[in-house]
Amino acid sequence: MAVHVLAVLAYKEGDRVTSADLAGSVNTNPVIIRRLLLSLQKAKLVETRKGAGSGSRLSRSPRRINMAEIYRSVEDTEPFATPARKPSATCPVAQCMLEELGKVFKSAEAAMERDLSKTTLADVMDAVKASCGCDE
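Residue numbers (our numbering): 35 to 170.
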């Protein structure tokens, strides 16, 4: 949803967009969008103004926002998680599994973030415009 919201803001090229308009595009409740905008604002990806001239816009060019930044701004949990319960103390596999899985998961997350950092919001917008014919 974050990429969708940021893509709408990129499409509007600096014009402020209300949470109601963003919610309409995503097909969700404006309250959900406002919560998301708070995370995006905290990550310095958007600027939001209340009152007269209210709405949100990108804080910088879509070419300077990469997908890894967007991902980190909204993901508060690890994408790969180990079980919450402690493994069996009597099983030799269980004793080493969490540590080894942790290494694999950490490597996978780093690879995912490396890959996401190579794609900008502008790249996504270029692909969207090309595939849906919404060039102005």
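Yeah, the Cβ is synthetic: ideal placement off N, Cα and C, and Gly gets one too.
query: Could you give the first and the last residue of the continuous alpha helix (DSSP H) run that contains residue 92?; result: Careful: residue 92 lies outside any alpha helix (DSSP H), inside the beta strand (DSSP E) at 89 to 92.
query: Which partner residues of residue 51 appear in the DSSP bridge assignment?; result: 90
query: Pair every Cβ in the segment 79 to 94 with every Cβ in the segment 46 to 60, then say whether three or more of these pairs are closer than 8 Å.; result: yes
query: Compute every distance between the C-beta of residue 110 and the non-hydrogen atoms of the ligand PLP, then say whether any falls below 7 Å.; result: The model depicted lacks the ligand PLP and carries no ligand whatsoever.
query: Taking only beta-carbon positions, decide if residue 123 is within less than 8 Å of chain D.; result: Among the protein chains of the structure shown there is no chain D, as only one such chain exists.
query: From this set, 147, 160, 133 and 95, which residue's C-alpha is nearest residue 117's C-alpha?; result: 133
query: Output the distance between the C-alpha atoms of residue 159 and residue 135, rounded to the nearest integer angstrom.; result: 36 Å
query: Output needed for residue 53: all residues of its chain with C-beta closer than 7 Å, excluding positions within five of it in sequence on either side, in chain order.; result: 64, 67, 68 and 71
query: Have a look at the DSSP bridge pairing and note the partners of residue 80.; result: 92
query: For residue 123, is the classification buried or exposed, using 16 other Cβ atoms within 10 angstroms of its Cβ as the cut-off for buried?; result: exposed
query: Tell me whether the beta-carbon of residue 142 lies closer than 8 Å to the beta-carbon of residue 103.; result: no
query: Can you say whether residue 100 is buried or exposed, counting buried as having 16 or more other CB atoms within 10 angstroms of its CB?; result: buried
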